[in-house]
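Engineer: Pasting in a structure now, in C-alpha cells, and then I'll have a few things to ask.
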Amino acid sequence: MGDELLIVNADDWGASVAVTDAIARAHAAGAITSTTGMVFMADSVRAAALARERGLPTGLHLNLTEALDGPGVGAEHAARHARLRAHFADLPRRRWRYTRAVRRDVAAEIAVQLAEHRRLYGAPPGHVDSHHHVHVCPDVLLSPALPRGTRVRQTRSAPPGAGAPRTPQALASTAKATLMRRRFTTTSRFWAIADVHPALEGAGLDAALAAARGRTVEVMVHPGFPDELPLLLADDWRAFVAAARAGDYGALRPSSRRRASAMRLPG
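Under UniProt numbering, the residue at position 73 of the sequence shown is numbered 73, and the numbers go up by one with no gaps.
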C-alpha cells in the first residue's frame, strides 16, 4: 500500500478548550503528526485558528453522534443532526446495515461539515475520520458526499503481531477494509494506541514498529483522555514516532489499484 508511513492522529480537535489544548501539547512535543477537527463545536473556531498558526495538519472529524454545541447551527441543521444522532445511537447495528431513508440527511450533513471545515481552515480537510467511527457505517461509507479517492481512515485492524481471527465478524471486517481501500485513499493498517502501547496492554512499541515496516499505518490517539496524554508526552512514545517514517495523510499516496482505477475514469 504505497510507501512506508506512520501517521499518529489525535482525534477530537475543537471539541472543547481542554481537549484542544491537550492535543496542542502533544503536537508541540512531537507525539502526533496530525489531528482531526470537529466543526460546530464549542472550541472549533479557536482550534482552527490555532492549527493554522502552528501548521498542524488537520482533517475532518465527522460528527453524527454527539450534539453540536458551537455557534452557527441553525434550526434546520440542528433538527437534521438530531435525527442522525437518533439513527446512529445503535452503532453496533448501523456498522453493518444500510438504510436508504437517511441517505439525504447523511449526505447533507457530510457536505455541511466539509464546507465548514473549509471555511474555518481555508482549505479542504487533509483526510476524513469520524467520532465513534461512524464513517465505517454503510450509510456513511457509501455516501456520494465522500467522493472516491478521498483520504479516509481505515477500519480497525488486528493488533500488531496478531493473526486475523477467522470469525464471521472478522471476515466481514476484512471485506469492509478491502472495500475501503478500493473506494478511498487509506492506510494498510489502522490501530488505536491501546493496540500498541504496553501500558494499555498493547503489543509494545518495538513490536508495532516492526509490524509497521514497509506499510502505511495510522495510530489513533486521544490526548484529551487523561490516561493517554502522559503516555504521549513520555520519552518512549516520542522515540517511537521519531524512529518511524512519520507524517500525515498528505504524504499518503493512492494504492496501485486506486491509481489504476483513476486512470480508467473518463474525462
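All C-beta atoms, glycine included, are put in the ideal place defined by N, C-alpha and C.
Which runs of the beta strand (DSSP E), 3 residues or longer, sit entirely within the region 76-141?
Structural biologist: Whole beta strand (DSSP E) segments, 3+ residues: 128-130.
Engineer: Excluding the 5 residues flanking Asp12 on each side, which residues of the same chain have their C-beta closer than 6 Å to its C-beta?
Structural biologist: For the purposes of this step, residue 12 is identified with residue 12 of the sequence shown, where counting begins at 1. Hits under 6 Å: Val19, Gly224.
Engineer: The beta strand (DSSP E) spanning Thr58 covers which residue range?
Structural biologist: The count along the sequence shown starts at 1 and reaches residue 58 at position 58. 58-62 is the span of the beta strand (DSSP E), which, as asked, contains Thr58.
Engineer: Could you check where the alpha helix (DSSP H) with Glu53 kicks off and where it finishes?
Structural biologist: Along the sequence shown, one-based indexing puts residue 53 at 53. Segment 44-54, the alpha helix (DSSP H) holding Glu53.
Engineer: What's the gap between the Cα of Arg156 and the Cα of Arg189?
Structural biologist: By 1-based counting over the sequence shown, the position of residue 156 is 156. By 1-based counting over the sequence shown, the position of residue 189 is 189. Taking the straight line joining both Cα atoms gives about 8 Å.
Engineer: Roughly how many whole angstroms lie between the Cα atoms of Pro144 and Gly163?
Structural biologist: Here residue 144 refers to the residue found at position 144 of the sequence shown. Here residue 163 refers to the residue found at position 163 of the sequence shown. Each residue's alpha carbon lies about 34 Å from the other.
Engineer: Is the beta carbon of Ala78 less than 8 Å from the beta carbon of Leu68?
Structural biologist: By one-based count along the sequence shown, residue 78 stands at place 78. By one-based count along the sequence shown, residue 68 stands at place 68. Yes, these two residues count as a Cβ contact at 8 Å.
Engineer: Buried or exposed: which applies to Leu84, given that a residue is buried once 16 or more other Cβ atoms fall within 10 Å of its Cβ?
Structural biologist: Residue mapping note: residue 84 aligns to position 84 of the sequence shown, counting from 1. The residue is buried, with at least 16 neighbouring Cβ atoms inside 10 Å.
Engineer: Does the beta-carbon of Val17 have 16 or more other beta-carbons within 10 angstroms, so that it is buried, or is it exposed?
Structural biologist: Taking the first residue of the sequence shown as 1, we reach residue 17 at position 17. The residue is exposed, with fewer than 16 neighbouring Cβ atoms inside 10 Å.
Engineer: Enumerate in chain order the residues of its own chain whose CB-to-CB distance from Arg25 is below 8 Å, with the five nearest sequence positions on each side excluded.
Structural biologist: Counted from its first residue, the sequence shown places residue 25 at position 25. Once the five neighbours on either side are set aside, the close Cβ partners of Arg25 are Pro223, Leu229, Leu233.
Engineer: Would you call the region 235-250 and the region 207-219 in contact, with 3 or more CB pairs under 8 Å?
Structural biologist: Segments in contact, yes.
Engineer: To which residues of the same chain is Ala251 closer than 7 Å at the C-beta, ignoring the five residues directly before and after it?
Structural biologist: The sequence position of residue 251 within the sequence shown is 251, counting from 1. So the qualifying residues of the chain are Leu5.
Engineer: So, Thr58 versus Ala51, is the Cβ gap smaller than 8 Å?
Structural biologist: As a first step, residue 58 is located in the sequence shown; it is residue number 58 there, counting from the start. As a first step, residue 51 is located in the sequence shown; it is residue number 51 there, counting from the start. Their beta carbons are under 8 Å apart, which means Thr58 touches Ala51 by this criterion.
Engineer: Grab me the residues of Pro146's own chain with a C-beta within less than 8 Å of its C-beta, minus the 5 sequence neighbours each way, in chain order.
Structural biologist: Taking the sequence shown and counting its residues from 1, one reaches residue 146 at position 146. The residue you asked about is not Pro; residue 146 is Leu in the sequence shown. Answer for Leu146: Ile110, Val128, His135, Val140, Val152, Phe184, listed in chain order.
Engineer: If you run the structure through DSSP and keep just helix, strand and coil, what is Arg238?
Structural biologist: For the purposes of this step, residue 238 is identified with residue 238 of the sequence shown, where counting begins at 1. Helix, per DSSP.
Engineer: Would you list the one or two residues that DSSP bridges to Ser34?
Structural biologist: What you label residue 34 is simply residue 34 of the sequence shown in a count that begins at 1. Asn9, per the DSSP bridge assignment.
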